[in-house]
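Protein chains: 2
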Amino acid sequence: MPLNAPRIVMKFGGTSVADLDRIRNVAKTVKKQVEAGCEVTVVVSAMSGVTNQLVGYCESLNPLFDPCEYDSIVATGEQVTSGLLAIALQTLGVKSRSWAGWQIPILTDDAHSKARIKSIDSSKLIECMQSGVVPVVAGFQGVDDNGRVATLGRGGSDTSAVALAASMQATRCDIYTDVDGIYTTDPRIVKKAKRISAIAYEEMLELASVGAKVLQTRSVELAMKEQVRVQVLSSFDDNPAPMENSLPGSLVVSEDEIMEKEQVTGIAYSLNEAKVVIKDIPDHPGIAASVFAPLARENVNVDMIVQSSGSNQKTDMTFTVPKTDLLNVQKILEREREHIGFAEMLADDDVVKISVIGIGMRSHTGVANTMFKTLAERSINVQVISTSEIKVSVLVAAEYVELAVRALHTAYGLDAQ
Amino acid sequence: MPLNAPRIVMKFGGTSVADLDRIRNVAKTVKKQVEAGCEVTVVVSAMSGVTNQLVGYCESLNPLFDPCEYDSIVATGEQVTSGLLAIALQTLGVKSRSWAGWQIPILTDDAHSKARIKSIDSSKLIECMQSGVVPVVAGFQGVDDNGRVATLGRGGSDTSAVALAASMQATRCDIYTDVDGIYTTDPRIVKKAKRISAIAYEEMLELASVGAKVLQTRSVELAMKEQVRVQVLSSFDDNPAPMENSLPGSLVVSEDEIMEKEQVTGIAYSLNEAKVVIKDIPDHPGIAASVFAPLARENVNVDMIVQSSGSNQKTDMTFTVPKTDLLNVQKILEREREHIGFAEMLADDDVVKISVIGIGMRSHTGVANTMFKTLAERSINVQVISTSEIKVSVLVAAEYVELAVRALHTAYGLDAQ
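Quick mapping for you: the protein sequence lines, in order, are chains B and L. Note that the UniProt record's numbering has the first sequence beginning at 1, numbered continuously upward. Note that the UniProt record's numbering has the second sequence beginning at 1, numbered continuously upward.
In structure tokens, the structure reads:
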């Protein structure tokens with residue numbers, strides 16, 4: 001092993017290890033990195049379908065199952081994959097051994113079924129790598145202070161990988177998945193969508209929370225906090241060992257690493273929104289709180305909010321909530337009707353939220369204007385607008401989703417040549 | 001919990017926990033024991049089929065898989081069952097938690113895939129029981145000195161249960177299985193076979209090794225060494241909480257505990273034997289070694305041996321080997337033909353070994369004679385005979401198996417009324 005060998009954490013998701021053939025392929029991909037001179041730690045998910053089966057068992061026995069037992073049951077899925085991949089690597093002549101969370105250990109809090117990592121002692125893994133053995137870590141899991149297995153919540157293997165990469169000061173954390181990177185928008189809608197070669201953590205968080213499902217949000221937050229460089233890659237490409245100079249996937253890194261800051265990096269959409277309009281509310285201080293406090297108490301996540309001035313000391317309030325909460329929201333507000341004092345409530349779940357995202361917005365003006373102009377040219381009526389430092393979102397009728405996303409993709413110069 | 005509450009280890013095999021309904025039934029059975037005032041520790045196997053699937057994965061990846069990885073993969077089967085049963089018990093209002101081998105810990109040697117238990121610290125389990133929580137232990141597994149999971153070989157959950165019972169000085173170790181006890185012979189052959197209410201360890205070892213497949217042999221050896229009282233029960237009976245005065249299964253205990261020592265306790269048979277005859281060997285000292293040493297070197301287990309005196313300083317040697325080893329044995333002896341100096345080798349795998357077993361033989365004469373007389377009356381030719389202190393075995397043509405077993409069962413007075 002040369003001095004200063006790049007140290008890489010490679011994480012493979014459930015579809016990448018879905019059966020023995022795919023596990024053999026993963027072993028080949030890992031072997032290439034080892035042969036390229038890297039120190040490698042691998043993190044794996046459960047074979048796809050396994051976690052759902054185990055969760056189903058728990059729920060059938062008791063919908064209010066003990067989360068400690070749930071954790072020790074579902075964590076076995078990743079343990080099986082880690083052992084199988086270790087065997088597959090050995091079969092290719094690569095020394096390897098599996099590590100369960102408790103063997104490392106990865107210490108978590110005791111919020112079972114959605115635990116958070118408290119600390120990782122990666123010294124045994126580093127020793128393992130430096131003795132020429134590839135550690136294969138069961139993702140998604142750790143152990144609490146009482147020695148009980150704890151899991152990190154669905155998709156938690158991404159977080160395991162990023163946390164391990166931080167703990168062992170890895171050069172990079174490679175997340176292998178069933179897509180080959182992060183795209184400027186959904187390629188199912190826009191054929192000319194481009195793979196983004198580098199995206200800032202903040203942008204990735206916005207893209208993920210509004211629809212892109214490539215990385216678990218928590219893993220991106222952690223990567224941002226710990227400054228872990230994350231690369232998203234396809235495990236189904238027969239890609240060459242990705243070296244720094246020609247990375248085939250998408251890098252998720254800090255803003256400073258991104259040379260060319262585009263105005264807009266990507267366009268996301270979410271069909272999981274519903275709009276609520278409350279009309280003719282008495283317009284006095286504290287009225288917003290009287291609407292949103294009861295929703296907060298019931299854990300409804302309110303997103304876009306617009307208050308329009310009406311007449312006669314009356315105002316209208318428009319906001320969006322997750323579609324799955326809509327019925328509940330209507331019930332809560334109906335109950336509070338007298339207290340709030342509104343005349344009428346309208347609901348519409350046939351809407352889509354479209355967002356344009358880019359750290360370049362901070363230094364470019366006119367991004368929002370381009371959006372409104374582009375939509376107006378297609379006669380698409382904007383119902384609600386919200387903005388943040390690196391994002392502009394609009395709510396429009398759901399029927400326009402493809403038209404609007406395609407038009408914006410072209411308008412911001414994102415179409416592939 | 002009353003002082004001196006009986007402390008019971010209850011073990012449930014793979015068919016007893018094959019699906020969620022059966023796991024719910026097991027929880028009910030455990031609850032009855034708890035309500036009867038016992039301190040209970042439960043040991044479970046993997047749901048039937050699970051271990052085979054996991055073993056199949058390992059073998060597909062590499063027939064010469066790393067036994068360390070094999071262990072960490074297959075041990076997950078029991079971990080899943082232990083968590084599921086803990087949830088099922090909680091659902092019935094019985095406090096419970098699962099324990100993996102490494103959490104207890106059960107320390108083993110590092111003979112992975114067939115490890116032996118070195119020591120068990122059952123203090124945490126005892127504390128758990130005494131705080132009113134039923135521990136559900138994942139059977140078949142422990143952890144070695146390096147913190148790696150180790151399994152005890154197929155059927156190892158019986159051994160886990162007996163070892164735990166010894167370590168916590170349990171009143172009894174109850175093995176729940178798919179039969180309701182140990183029978184005087186195979187009930188599929190003899191309709192009048194009786195359940196044996198009490199059997200000595202030594203008898204059980206003979207019965208198990210010649211065909212009865214109720215308890216793992218190693219668990220019986222361990223029970224004998226540690227003087228653990230073992231009870232075999234059906235998990236499918238809706239049996240009442242088995243109390244000392246009316247035990248529904250079969251007790252496996254030390255000879256001293258058995259009041260009525262029958263001449264013959266049971267009749268076993270094995271179709272897994274093959275006979276080899278080597279004819280006309282020069283009859284000089286050391287000739288037996290020249291035949292059996294090469295077989296021993298290749299790990300062939302030779303069972304019955306008879307040497308008959310021939311003529312002209314020549315002798316014949318007859319012995320039995322496991323049927324699966326027969327081809328290999330023929331190859332080995334053919335290779336050694338000149339060295340041994342035999343004229344002819346005959347092989348016959350169409351034979352059955354029938355054994356009558358009973359500690360009462362020590363004080364009763366005529367047991368062997370009854371056997372020979374009974375077989376002679378049916379014109380069944382005895383090919384080989386071997387005897388031990390508590391067993392007489394004969395080898396006869398396989399076609400007589402049912403006739404011989406039924407006749408002997410009647411002759412020794414074992415038929416149920």
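Beta carbons are placed, not taken as given, at the ideal position from N, Cα and C, and that holds for glycine.
- Task: Using a Cβ-Cβ cut-off of less than 8 Å, list which residues of the stretch 90-103 of chain L approach chain B; keep chain order.
- Result: Listed by position along the chain: 90, 91, 97, 98, 100, 102, 103.
- Segments of 3+ residues assigned as beta strand (DSSP E) that fall wholly inside the stretch 114-151 of chain B: 117-120, 134-138, 141-143, 149-151
- Message: Going by DSSP in three states, residue 422 of chain L sits in which element: helix, strand or coil?
- Response: The structure shown does not extend to residue 422 of chain L, since chain L is modelled only from 1 through 417, so no value can be given for it.
- Query: Using the beta-carbon of each residue, which ones in chain B are nearer than 8 Å to residue 86 of chain L?
  - Reply: 66, 69
- Message: Taking the straight line between their C-alpha atoms, what separation do you get for residue 353 of chain B and residue 338 of chain B?
- Response: 31 Å
- Task: Note down the Cα distance separating residue 170 of chain L from residue 228 of chain L, rounded to an integer number of angstroms.
- Result: 8 Å
- Message: For residue 9 of chain B, count the other beta carbons within 10 Å of its own beta carbon; 16 or more makes it buried, fewer makes it exposed. Which is it?
- Response: buried
- Listing by chain order, which chain L residues have their CB less than 9 Å from the CB of residue 58 of chain B? Contact note: residue 58 of chain B reaches chain L through 83, 84, 87, using a C-beta cutoff of 9 Å and chain order.
- Note down the Cα distance separating residue 83 of chain L from residue 12 of chain L, rounded to an integer number of angstroms. 14 Å
- Boundaries (first-last residue) of the alpha helix (DSSP H) holding residue 266 of chain L: Here residue 266 of chain L belongs to no alpha helix (DSSP H); instead the beta strand (DSSP E) covers 266-270.
- Own chain residues within Cβ distance below 8 Å of residue 19 of chain L, not counting five before or after: 47
- Query: Between residue 62 of chain B and chain A, is there a C-beta pair that is closer than 7 Å?
  - Reply: The question asks about chain A, but that chain is absent: this structure's protein chains are B and L.
- Task: Taking C-beta pairs closer than 9 Å, name the residues in chain B that residue 79 of chain L reaches, listed in chain order.
- Result: Within chain B, the residues near residue 79 of chain L are 72, 73, 75, 76, 79, 149.
- Just curious, the alpha helix (DSSP H) that residue 370 of chain B is in, first and last residue? 367-377
- Task: Give the secondary structure of residue 10 of chain B by DSSP, where H, G and I count as helix, E and B as strand, and everything else as coil.
- Result: strand
- Should residue 200 of chain L go down as buried or exposed, given a rule of 16 or more other Cβ atoms within 10 Å for buried? Burial check for residue 200 of chain L: the Cβ neighbour count within 10 Å reaches 16 or more, so the residue is buried.
- Query: Any idea which residues DSSP pairs residue 102 of chain L with across the strands?
  - Reply: Answer is none; residue 102 of chain L lacks a bridge partner.
- Would you mind sorting residue 242 of chain B into buried or exposed? The rule is 16 or more other CB atoms within 10 Å of its CB. Here the model assigns residue 242 of chain B a pLDDT of 48, short of 50, so the residue's position is not dependable, and the following value carries that caveat. It counts as buried.
- Below 8 Å, can you find three or more Cβ-Cβ pairs linking the stretch 390-406 of chain L to the stretch 354-371 of chain L? yes
- Task: Measure the Cβ-Cβ separation of residue 71 of chain L and residue 151 of chain L and say whether it is below 7 Å.
- Result: Yes. Within cutoff.
- Go ahead and label residue 324 of chain L buried or exposed: buried means 16 or more other beta carbons lie within 10 angstroms of its beta carbon, across all protein chains shown. exposed
- Query: Taking C-beta to C-beta, are residue 268 of chain B and residue 327 of chain B nearer than 7 Å?
  - Reply: No, the Cβ-Cβ distance between residue 268 of chain B and residue 327 of chain B is not below 7 Å.
- Roughly how many angstroms lie between the CA atoms of residue 249 of chain L and residue 381 of chain L, to the nearest whole one? 36 Å
- Item | Neighbouring residues, chain B, relative to residue 54 of chain L (Cβ below 7 Å) | 80
- Query: The alpha helix (DSSP H) spanning residue 68 of chain L covers which residue range?
  - Reply: 67-74
- Start-to-end residues for the beta strand (DSSP E) that takes in residue 273 of chain B: 273-282
- Item | Limits of the alpha helix (DSSP H) - the one that residue 200 of chain L falls within | Run containing residue 200 of chain L: none in the alpha helix (DSSP H); it sits in the beta strand (DSSP E), 198-200.
- Query: Is the stretch 135-147 of chain L touching the stretch 66-81 of chain L in the sense that three or more CB pairs, one from each, lie closer than 8 Å?
  - Reply: yes
- Message: Short of 7 Å in beta carbon distance, which residues of its chain neighbour residue 158 of chain L, apart from the five on each side in sequence? Order them along the chain.
- Response: Excluding positions up to five away in sequence, the list reads 11, 175, 215, 216, 219.
- Message: Taking its Cβ as the centre, do 16 or more other Cβ atoms sit within 10 Å of residue 284 of chain B, making it buried, or is it exposed?
- Response: Exposed, since its Cβ has fewer than 16 Cβ neighbours within 10 Å.
- Query: Looking only at C-alpha atoms, which of B:183, B:346, B:305 sits nearest to residue 330 of chain B?
  - Reply: Cα-wise, what sits closest to residue 330 of chain B is B:346.
- Close Cβ partners of residue 90 of chain B (< 6 Å) along its chain, the five nearest in sequence each way excluded: 96
- Task: Could you tell me whether the Cβ atoms of residue 113 of chain L and residue 67 of chain L are closer together than 7 Å?
- Result: yes
- Step through the CB atoms of chain B and report whether any lies within less than 7 Å of the CB of residue 152 of chain L. Output row for residue 152 of chain L: interface = no.
- In whole angstroms, what is the alpha-carbon distance linking residue 36 of chain L and residue 134 of chain L? 14 Å
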